[in-house]
Structures are given as structure tokens and as C-alpha cells.
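What follows is a short report on a single structure.
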Amino acid sequence: MKKHYILLSLIFLFAFSGMSFSQCGEPLLNICHGKIENARFLRSWPIQLPKQARGETLPQVSFKMPLTSGNTYKIFACNDGDLPGKVIISIRNQNDDLVVTSFVIEQARHIPVIMFPVAMSGIYTFSFYFENGEEGCAVGVVAIAE
Amino acid sequence: MSEEILKALMQLFALIAKQDVGISEKERNFVENFLKQQLNESTVKEYLALFDGFISSDREKNSENTIESGEHRLTSVKDSVKTLGIAKKINRTLTQKQKIVVLVRLFELINSDKNFTPQRMAMIDTAADVFNITREEQLAISTFVIQNDSNKADIPEILIIGCKNAFLEHSHFIHSPQLDGKIFILRIKSVDLYFLKYKGDDEVLLNGLPVKSNRVYLFANGSVIKPAKGKPVFYTDVAARFITDPTGLHITLRAENIYLTFPNGTVGLQDINLEETTGKMMAIMGSSGSGKTTLLNILSGIQTPARGNVFVNGKDLYEQKDLIKGIIGYIPQDDLLIEELTVWENLYYSTKLVYKNLSSEQITEKLEKVLISLGLFHIKDLKVGNPLDKRISGGQRKRLNIGLELIREPSVLFVDEPTSGLSSRDSENVMELLKELTIKGKLVFVVIHQPSSEIFKMFDKVLILDEGGYQIYYGNPVEAPIYFKRIDNQINSDIGECPRCGNVNPESIFSIVESQIVDEYGRSTGKRKVQPWEWANFFKKTQKTELIKESFRELPDTSAKPGWLKQISVFFGRDLKSKLSNRQYILLNLFEAPVLAMLLAFVIRYIEDPSSGSYIFRENDNIMPYLFMCTIVALFIGLIVSAEEIFKDRKILKRESFLNLSRSSYLYSKVSILFIISAIQALLFVWVGNSILEIEGMFFEYWLVFFSVAAFANVLGLNISSAFNSAVTIYILIPFLIIPQMVLTGAMFSFDKINRGLGGGSEKVPVIAEIMPSRWAFEALAVNQFVNNEYEKQFYTMRQLESVFNYKNVYYIPELKGIIEQYISNTNRAEKFPIDPLDIELLYHEVQKENNSEYVSFHNIVFNDSDKLNINDFNLEVANDLKLYLDDLHEFYRQNFNSINRRIDNLISEKTSSPEGRQSYQSIYDMHYNTYLARFAKNTMAPLPMVRLNNKLIQKIDPIYLNPQNNSYLDFRAHFLAPVKNFMGGQVPTLYFNVGVIWIFTILAFATLYFNALKRLVDYFEEYSILKRKNNKN
Amino acid sequence: MKKKTTLPLILALVAGLIISGCQQNKRQEATDLLYDSKKEGELFLHMDMVKEMISSVSNPVEMSSLLQKAGVIYSQDLLNPAGNIDDYNTNFQRALNLGVYGTNLVYMNIYDRTLSTLRYLSNVRQLAADLRIEQFFDYETLNRLSESSRNIDSVLFITNTGFDNMSRYLIEQDRSNIAILISTGTWIESLYIATHVQTIPGNRDYINMRIGEQKKVLDNLLLLLYAYREEPDFNWLFEDLMDLKKIFEDVKISYVYAEPTMQELNGVLIVIDNSMSEVIISDNTIEKIANKVAEIRTRVIG
């Protein structure tokens, strides 16, 4: 099997994948992947949200995922630079208590990486939304720190 | 003559001599002379004494009895009985020819004193009867021996050579103006013997020895009579008189002003003129490169001259070729023999090809006659072999070559250097054979190089060519040296031959013709004394045209050749026999395929699981390469077996072209034999290969494909074999024919990954690959192996549906939706956003396809506004409609996929529900399904499951489940590994369709072979390059 | 004359042969196989519910990481032999074992047993292809794997994203049963490995607690499987897992929640989880679980 297969011509040929990634997802995921460093990839989510419409609630998406006591999780997200939105992650435990968020409100500052050593096993909820309800595209990644 | 025979002869002589009047002195002298001719001095006396003894012993007895005349009759009766006894004894030992000679001698004996008593004549009659000599011939012999007056000897068996023609009615005549007296020649037709008798006072030489008047000599083959003055008379001159028109065929050949220029511009022949008639043997001589063979080719019609004409009985050789062809025979310098066949078989098949109506007895009879006359009868069952591996001698080969033509009895025979490479003995034999043909009324042209004196003198005429194709002599061979010497002012210029030995040295001619100017030191300067054109001018001045009465008789119909089918069977038989008799060939061909198969299959049979010891077909990743190799091996074997076939027969074909034999029947027979060989090889290969690899239940299909490819390769091989002129070229060509086929099977290189300029990466198989039979074959094998194996058969129909729905569901519909969603989102952002023209074309195209899909009748999901799918009418509203439509369609495909997927799953669950069921399912799976091939057929290694090509979406995964779509009735092209092909409104399984295509290729190749298209092309290019070179020179 | 007519004759013959080989009836048969909603009822489970339930099955990476951290020694014998793939003929077997092999793949990878990794990866891909979800392990993905193995743990990346996308896709495609089986397979195999590895004595309790925590996950899985319990193969799986659930009933879990505190270090926010969870599980229960899981697993891998 040839490893480096050069596509005949990208002008005419389009690659299609049936995966239900939104368009901004996959290339961004690959970039974001590089930030895992010495952790083990667990899960990633593509996040694409429209601009918050007037009078509507803030667009956001949530995903559930079990975390195990004793493991330390590395949680981070990457933004698509073409769009204005900057993603904010917030994590809640199975009792819906907020554990952590990646946005420091007082300083209006984004925290690039969250390290979460879990003490209580359970299903946690990861919610993503964009700062100020901007339109945005991002990828959220959860990994296990070694 | 053996002692015993001589004794018997003496007894016979004595018996006859003593009859009636008793022996005279003259008779005794005759006996003595006779013995002197046969024996040396001392033994002559011995036998003479014996003769005297017979005479006297009889006489004593007689003298006792002659007292009473009544007893006289008794003795003669007794003598008659004795004569009978001796004659019978002679009969057992002597040949017919020798018996004739004995009879002639007996007549001569009694003629010596002209005592023809009835008793004596009765005894001779008795002997003659016992010898089986006809009355007519007895009469002819007695006439010839006894009569010395030409009027009385006027019978058809006698030829008279004399100064004036004395109104002879029956006998033949040769004019010899300066001869005193007459020479009588007798011909005994039954044994083809000639006797000579001279009555006159000149010194006449027979083969250099003086002839005594009134004595009978044997006038043997090749003899020459030289009168004291005037032209010698040759055996052939004599023989020709007797054998004028035995078949009523009189043929003249006249060549006028023949010019020829070679393609490279050099002059080949200059103004050649000649005229010959049947019964003559003519030599064409000249230094090498003077155009001898060219002239021969022109005269025989193989080559056409630039200018000039050749007429045969007044018919133009080149314009009425078909009329004349049959009467012309050509014996090239090369062998025309089929090495693997025996002498007999070589002649046998030639005969079969020439005569359609002969029964096998007639053929046997004819062949025996010819073989005897060729002196080859005793070796008739020897294999001919090749010149290196000598089984028969060179002379025998040459005679057999001549024999091939003789069977056909052509009236005009052209022979190219019959003596080259032969010993002098063999040469003479061969030339005598040719000479005899002239006696039988043939006209023989011989190109000859450095003939011996003996041979040179056999010719009736010689034509000498000089460098540059000048005709510098045309006439009597013996006079040729005189002619040149005279011009050269040499001494003895009137003596053509050595007066004592009778030798003519043809070399002396060339030493005069080509003699060079020497400088003052006697060194040759390399310049000719007399230039060729000067010789030609001399010749033109001195040329005496000997007028020959040109015949304008109709030529015989030579269409006795067998019909088309019959020819096929003869060719077939000949080829088959020659192949069967070559054990090496048969063994190699028989073993080649199975050994290759064994090697291949054994090497690639492996066990995937390192911990397991049993072979599982399913796990063998080499099955796909095996299919590929099958194709290539078939091509190879097919090509190898045929590549030399026509080339090998080339010379024989050239000869057979004179026979007006059908080329197609030759080709059909060739092809049938090769097909049979290929079919057997295919059988063996597939049997061995498939057994080793445990490919179950596909034997016929594999065989069919292998055989079809090999058959194609056979015909392809025949094409190159007929077009190229050396074995090396042919074998160099084979890679050119094989490698592109290997590259473009689709097995080594994916059609998606070959040069776009050649059609790579498109929807269908690239055009360049479509013309490769190997690709059709490989596809046939691969598709058949995948689709029709016992395992896949259970599910194929369902899996096909599953594949279609999966593709639509996973790739196709989402992509169409994606295009629309993109448009919708773009339009939402900016007002009036135009759709990409390619996108809308694609949508239109694909929606049309879906609207016409075979499932429409089932789901009734139709997009009615497809006319709005163009750049002008497309808008958000249409886009939303389209999206809804696609959603419905998507749902349909999704549901159906799930449904069919579940069905298949249920089927398998059912089959595997019991342990036995599970086991049998598993074993069918292991034995019939091949995982790697499946991966190949499903193209799961494809980089992209679907590809967009401008305005089309092309499915790349699961080609094996995808039925091709063709718009036109005759369009059959499909993607690679399509399970069926559309043709003329129906669907044909790929196996049979592809095999059909291979056979169409085969038929086309046969057509090019029949019309010799490749050969013409090659010749055209050769000619073109010569012209170009010539232009460059200028 | 003969010669001239033979060529077209043969051509016609060949064409005839081709046409006579036509088969028209195959299509007819094919349309009989189309989906008919009247005949086939579909099981209905709410998509979101399935998604949520499935997402409670933890990623095998977590289990493997735990084991590695606990000093567990790698054991090839615990894996489902790669050659077993040939025995998986039905979707049921394929889906379960896709989960099993996926778990094996992760386990091997965490322990850097890269030699056999490709074999298991190809098995995963093969099973996915047989289930017609090959698009999640396509050529491109494998290509990326072989190119990027030095920088990131791409096998994990591929399996994790692949499995995630796969199960989401399956659920959306109304093939939840397959998704459920894959998750069940993953879960059983993880549990099997966790209950059968050799550990350093001091670390055993920690692993046992993690095993005990699976009680909740099993409940979720059973909830899903319940919907399919009437189907032939599902039924034994459901029954067996129900037996396992009974064993798990002896496990007691309690949670104490406390506000977490944060600490920022070089732009990395470190969360200190002050909550507590307590799992009480006896050695006897562990052994029973281990035996039952082994039994089920043997049935799963055939």
C-alpha cells in the first residue's frame, strides 16, 4: 500500500466524507489535536453555533461524558480564527453542580487549558458557547493526562 | 554385369548363333567385341572360351542328330526350351532396362552377318516374350538394328540425325548439315532408354569416344554426340524430339526488355531479353550480385520488373497472373521442407494440397513413382530434420525440394542455385534430375553458380549477367567460352572445350569477363578491362536471334487444387503431424502450462495464521494476483506458441502461393491447431493451479477465460509472426505486447491512478485499457470469482441492494444535500447569491438520474421541478423544495438499507443458528470466499468512496455491486469490476460479456492477419525509411 | 465466397452468445427485497435517550490508563484473539466484537504493544465494513494514522473519534441496536480485563472500586437492551447481564459533593475536586463479577 498517495488533481476531485462533521470541524480538529501534548485523547466535539439572535437564548451545546475518579483530565478547546466567536467551556457534575468554567468573568479572560483530577466518578456535562453569543466554530477536546 | 548373367548371356548368344546355319565369323567377332566392351582382356578370353564351349558342345550333339532331318525340329524345340530357361533366369536378376539391352545385343548378334533365319528369330521372340517386351518394341528394336536406310527406318521410335531431311513420315529428325551419313537413335519408351547407331564415314564421337559405324551404342542420359564438324547433339536434344508435347502442352516463355531498379536506386537489371520453350534447360549465370536471383524472381512472377514484359504463351505474366501461376513452379535456394515430417509425409501433404481428386491409392502410387525417380524411395520414412541435424544428405534434401514441385507437374520450373552446398556427386544427381524434366517437356530455368564442366554442358542455353544486371551472353553454353575468347582475342578462340577431355570450364568465361587491367609490375589495378556495359554492347551487336515459334495455346486449367475446407484439413493434418512428431515440442507445450501453474500456485499457497497448519482459501491474499497471473501466463503461453508459426512456414508459404492455395484455409488450420494446443494448455494450467490453490467450482469459467486469452494471443502471435522477418525481432516484440497488457489489467495499477491523459480516474475504464484483452480477462475472472462463488451467491442480490442503499444513504444524498445547504446558507448571508454553474449542472444531472431510477415506481419520490435546475431558474424556493425531496429520498434509502441489512443478518443468523449450520456456513465461507479479493472487488482501499468529476458524482466503492448505467443502446462501457455489462438493452454477466469481447478482439486480429495488415504496415514503414535515407543522401 | 462470409458470421455468433447470456429476472427479485413499512415494524427507542445512555459507558482509554497507573502488567492472553474475526458472521456478533476489539486495541496501545496493533486495527475496520459503517475507518483515516503516529497517539484518536462518530451515526440511522451492542461489547471487555489483570496488592482496592462504579453503567445498558430483549441473540445477552446486575446489587456507592477550588498555573487552570465518592464492594462480589463477566465474554467472542 502506498503511503503517500498524491491526489490526481484537487481542482477537479473533491474529497467527501460521510462523517457528520460540520465543515469547520475536521481541519480544526487536526490542529487542536496538536495541543494534546503528553495526554491521551479521549473525545472531541465539533462546535458550530450561529450568532445569538435578538431575544433568543444564548446558543450552546452540551455533551455528556463519564469521568473516572483517580484520572486527571485535560480539557481545552480551539477556535476557528475565521469566525469572531471565542468558545467557553463549562463542566457540571451529575448533580448539575458547576465544577469549572474556562472563562474568568472578573478578568474577562479565557483560560486555554483546564486540568481536572476527578475525585468522584460520574457522568459530567460539558457545555460550550461563544463569548457574547457570537457566531463561532470550535473544537472541544477531552484527554487524560498521563 | 554379374558372372552368372554373363554366363547366361553367353549361353543365350551361343544358342541363337548356332541355329540353322551355325555361327559365322562375324557373329563370333561380335561376341568378342561385346565382351571387350564389358570386360578386361584376360577375362574376355575366358568368356569367349565359354561361348565357344557352348557352341561346340551343342554342335556335337547336333552333328549326331542332324543326320536325320526329322530330328532337326526336335533340337530346336529343345533349344527353345533351353532359351526359355535362360531367359527366365535372366528375368529374375536383370532390370527391364538391362533386358532391353540384352535383346538389342541379340538382334545385333544376328545382324552381324544378316542371317535372319526363322529359327533364330523365333528364339529371339521367345526371349523377348519372357522379358515382357512388347511386340511393338521388339519390332522397333529389330528395325533399328537391321535397317540402315532412313526410309525403311521411318518409325516413330527412331530419330535420324543427318544432312537432309528425307521426307520422313514417322521418325524424328535433327538437322546436322556437315554430317556424312546418318545417325540413328532408338528410343524405348517403356524404360526410357536410347540407343545410337552410326552409318557413315566421319569420325563421330560419343562422349569423347569414336563411334564405329553400324554398331549399336547405348545413348545414356547426358550423352553428347560430336560430329567431326558442326554442332554437337545433346542427349536432351534427342530426348526433346521424342517427348514433344506428351501432355499436349507446349509452352513458350518470352521476356522482353526487362529493367529493374532497386528501392535504393541501384539498377538491378538492364534490358534482359530471352525466349525459351518447353524441353529446355536454361542456366542463368553471373558473378554474385549481378541479379541472377532477381531475374529468376521476375521471370517466375514473384517480383515485378520496373519495365518490360514476360509472356507465357502470349499471356502477360503480371497481368494474367492467375492464369499462369499454376503452371509455374519455383524452387528457392532455401529448404521448403517441414523438418519434423518424413520424406514421404512432406511429399504426401504437398500432393494433397495440389490434387483434390486423387484417392489415397493414387497418391501412394504417384508418390512412389516420384520418389523412385528422385532416388529417394529407400529413405522415404526418414525424418527430414534440419540442415544441421542431418538425417538425409544435402543432395537428398535438394531432390526432395524439387520433388515437392514435381508432384504438381508445373510446366515451367524456376530453380535457384540447386547445387549450392552440395558435393559434386550430389550436384550432378540433382542436375540430372532437372535435366530429365526437360525431357519430359518442362522448361527449366536454373540460377547456377560455378557449375562443373559436366553440369555446365547439360544446359541447353546459358544467359550470363554481368555486374549491374547487364545481359552479356545468351546462347549455347559450350560456345560461350569461344565467344568471350574471340572478343578477348585469345588463342584457341574457336575451341570451346578441352579437345581431349571434352571439358568446358565455365570459370574461364568469368576470368575473361572480369579480367582486370594490370600495371607495369603485373599487379591488378582493380579496374575492369572491359566494362559490363561494353560486354553488353558486344553481345547486342553479335546477337543472333534464334527464332522460336511462340506458342499461343491456351494454358491448362490448374484448378485441380482441393476446395477450401479440404485445404484446411490438409494443412491441419500436416501441421498436426509435424507437431506431433516433434517430441520435444509436444512435451514442452504439454508441461509448460502445468509446471508454470504448479510453480505459481505452489509458491503463493500459504497459510495466513502462523499457529495453524491448514490452508484456507479465504485467507489467501494471493488469489487476486493469481487471477492476474493467469491472464498474463495465458497471454505469454499463447504468444510463445504462435509467435514463430508463420515465420517458420514463410518459405513454404511462398512456394504455396504458386499453388493458388487459399490463405484463409492455411490460417484457419493454423489457428485451429493453436487453439487446440491452447485449450489443452488452459485445461492443464487451470486444473493444476486451481487444484493447488483450492479454488472450488470455477473450473469451466477459469478455463474459458484462460483459453480465450491464449487464443487471442495465438492470433496476435501469428500476426507478428507473419509481419516480421526474423525470429529475434519477434521475440524482442513480445515484451512490447505483454507489458502494456500487464500494466493495464487494472490489477497492478488501479485505473484511478493512471495518467489522466489516458483516461485515468474517470468514471469508466480508461479507453487505453479497453483495448487490452488482458483487462477484460482479468475483470472476467475477478468478477466471476467474487460474484459466482458458492458463498457470495447466497447473498449477492441482497448485498447489491444493500450496497446501493448504503452508498446513496451515506455518501450520495448527503453530498447533494451539502451542495444545497451551502447554497442556502450563502444565500441567507448575501442576497441573490448565484449558484455555481457546475453545482447546478450536477444537481440537475443527479436528480434526473434519481427521477429515472428503478426504485421510483416503488417509492414515488420524484422531483417535479427538475426543469428549474438551471442557473437562471434556481432560487431559494427551488433549493428548499429540492432539500425536502432529498430528505424524503434519504429516508427511503436509509430505511431500505436498514431493512436489507437486517434481512441479510437474519438470513445469516438463520443459517448459523444450529452448530451444524454454523459449521457448514463457515466451511462454505472458507472454501469459496476470498477476503482479499473481496476487498479488491469492493474497492475498500479506495482513497475516496465517491468522487466528483465536474458535474457528476461517481461511485468508487463497491464497484462489484454497482450495475453500470448506459444511455445509449450500444454503449457497453462500464466502470472496472462491474458485475454486469449493458449491451443492446440487456444485461450480460461480465464473465460472458468479457469473454465475448476477447473473442471479438481475436476475430479482429484474425482479420488483420488475413489481410496481412501488420505486414503491410511494417513494409510501408520500411519503404518510407528507405526513401527517407535516400532523400538524405541526395 | 466462403471466406468472406465467415467473419461476419462469427461476429454475429459472438454477439448472439453475449445477448443470450442476458439476465432479466434478477431485478425482479431485487425489488421484492425493498423495504415495506407495513410488513416490518421498527423498534422505537428515543434517539436522545440512547445517546445519553451510551455516553455513560466510559471510554476504554480510561480503564486502560487506570490499569497502567495501578502498575498492572500487560497480558496478551486477556485479549480476544485476532483470528476470531472470521467467526463473526452476524451483525450481532460483529457489533459486540467491534466493541471488544476496539477495547483490545486501546489496551494494547496504552501499553505500547504496537506490533499487534495494526492487526486489531484492521479487524476493527473489517467489522466496521461488514456492518457497513466503514466510512468511519476509511482509507484517509488509516493514512493519517500511518503518517502521524510519531506525534500523537493516533490510534487512540482514530478509535475514539471513530467509535464516537460511529455510534452517533448509527443512532441517527435508526440502527441503535448496533450502537448499543458496540458499547456493550466495549463495556464487557473493559470489565473483563479489569477483573482479570494481575495487580500489585495495594492497588487492588482502587481498581475494585472502579469496577464497583460500573453498577450504574450496567443499569443504563440494560435499559437499552431491554428494548431488544425479544430478538433472538439479544435475549441471552440481556438475561446474562441481568444476572450480572444481581451480583452488582451488593455494591454500595455514596457521593459527597463539595465545591471545587481552582488554581491557575502558567495559563493552565487546575481544578481541585473536593467531592468524595465511596464505593463499598466485597472481594466475594468482585470474584462473582469476574466469573460472570468471563462467562458472558466467552459467549460474546465465540
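Protein chains in written order, with the working numbering: chain R, 286 to 431; chain W, 2 to 1035; chain D, 4 to 305. Virtual Cβ for every residue (Gly too), placed ideally from N, Cα, C. Keep in mind the model is a prediction, meaning the values are calculated, not measured.
At least 9 Å separates the CB of residue 200 of chain D from every CB of chain R. Taking a C-beta distance under 9 Å as the contact criterion, residue 414 of chain W and residue 330 of chain W qualify as a contact pair.
Taking all protein chains in view, the Cβ of residue 768 of chain W is surrounded by fewer than 16 other Cβ atoms within 10 Å, so the residue is classified as exposed. Within the segment 878-906 of chain W, 893, 895, 896, 897, 898, 899, 900, 901, 902, 903, 904, 905, 906 place their CB atoms closer than 9 Å to a CB of chain D, listed in sequence order. In this structure, residue 288 of chain D places its C-beta atom within 9 Å of the C-beta atom of residue 250 of chain D. Among the residues of the segment 70-86 of chain D, those with a Cβ less than 7 Å away from any Cβ of chain W are 86, in the order of the chain. Residue-level contact by beta carbon holds for residue 327 of chain R and chain D, with a gap shorter than 9 Å. Distance between residue 949 of chain W and residue 254 of chain D, taken at the CA atoms: about 57 Å. Rounded to whole angstroms, residue 401 of chain R and residue 95 of chain D show a C-alpha spacing of 37 Å. Residue state for residue 428 of chain R is assigned as strand, using DSSP reduced to three classes. Against chain D, the beta carbon of residue 807 of chain W has neighbours under 7 Å at 135, listed in chain order.
Scanning chain D for C-beta atoms nearer than 9 Å to the C-beta of residue 910 of chain W yields 92, 93, 94, 95, 235, 236, reported in chain order.
Buried is the label assigned to residue 803 of chain W, since at least 16 other Cβ atoms lie within 10 Å of its Cβ.
Here the alpha carbons of residue 346 of chain W and residue 173 of chain W stand approximately 41 Å from one another.
Closest by C-alpha distance to residue 1005 of chain W, out of W/105, W/714, W/591, W/28, is W/714. Between the C-alpha atoms of residue 656 of chain W and residue 301 of chain W there is a straight-line separation of about 11 Å. Counting C-beta atoms within 10 angstroms of its own C-beta, residue 544 of chain W has fewer than 16 neighbours from the protein chains shown and is therefore classed as exposed. Secondary structure of residue 774 of chain W (DSSP, three-state): helix. Close to residue 922 of chain W, with beta-carbon spacing below 9 Å, are these residues of chain D in chain order: 92. Partner residues in a beta bridge of residue 895 of chain W, as assigned by DSSP, do not exist. In the structure shown, residue 192 of chain D falls within a helical segment according to DSSP collapsed to helix, strand and coil. If you ignore the 5 residues before and after residue 284 of chain D, its C-beta comes within less than 6 Å of the C-beta of 211, 215, 254, all in its own chain and listed in chain order.
A distance below 9 Å separates the beta carbons of residue 639 of chain W and residue 675 of chain W. Distance from the CA of residue 673 of chain W to the CA of residue 88 of chain W, rounded to the nearest whole angstrom, comes to 59 Å. The criterion of a C-beta distance shorter than 9 Å is not satisfied by residue 691 of chain W and residue 1015 of chain W. Relative to residue 571 of chain W, the option among W/595, W/665, W/628 whose CA is nearest is W/665. The beta-carbon distance between residue 435 of chain W and residue 411 of chain W, rounded to whole angstroms, is 13 Å. This is too long to meet the 8 Å contact definition. Exclusion of the five residues before and after residue 304 of chain W leaves 261, 295, 298 as the residues of its chain whose Cβ lies within less than 8 Å of its Cβ. A distance below 7 Å between beta-carbons, with the five flanking residues on each side excluded, links residue 232 of chain D to the following residues of its chain, in chain order: 238, 241. Residue state for residue 415 of chain R is assigned as strand, using DSSP reduced to three classes. Residue 1024 of chain W is not bridged by DSSP to any residue. Residues of chain W with a Cβ closer than 7 Å to the Cβ of residue 261 of chain D do not exist; the shortest Cβ-Cβ separation is about 46 Å.
Every beta strand (DSSP E) stretch that sits fully inside the segment 316-348 of chain R and reaches 3 residues is listed by chain position as 324-334.
Residue 702 of chain W does not reach chain D, its nearest Cβ partner there being about 12 Å away, counting only Cβ pairs nearer than 9 Å.
The way I'd put it, the segment 905-920 of chain W doesn't touch the segment 810-824 of chain W; fewer than three beta-carbon pairs between them come closer than 8 Å.
Here DSSP, grouped into helix, strand and coil, assigns residue 258 of chain W to strand.
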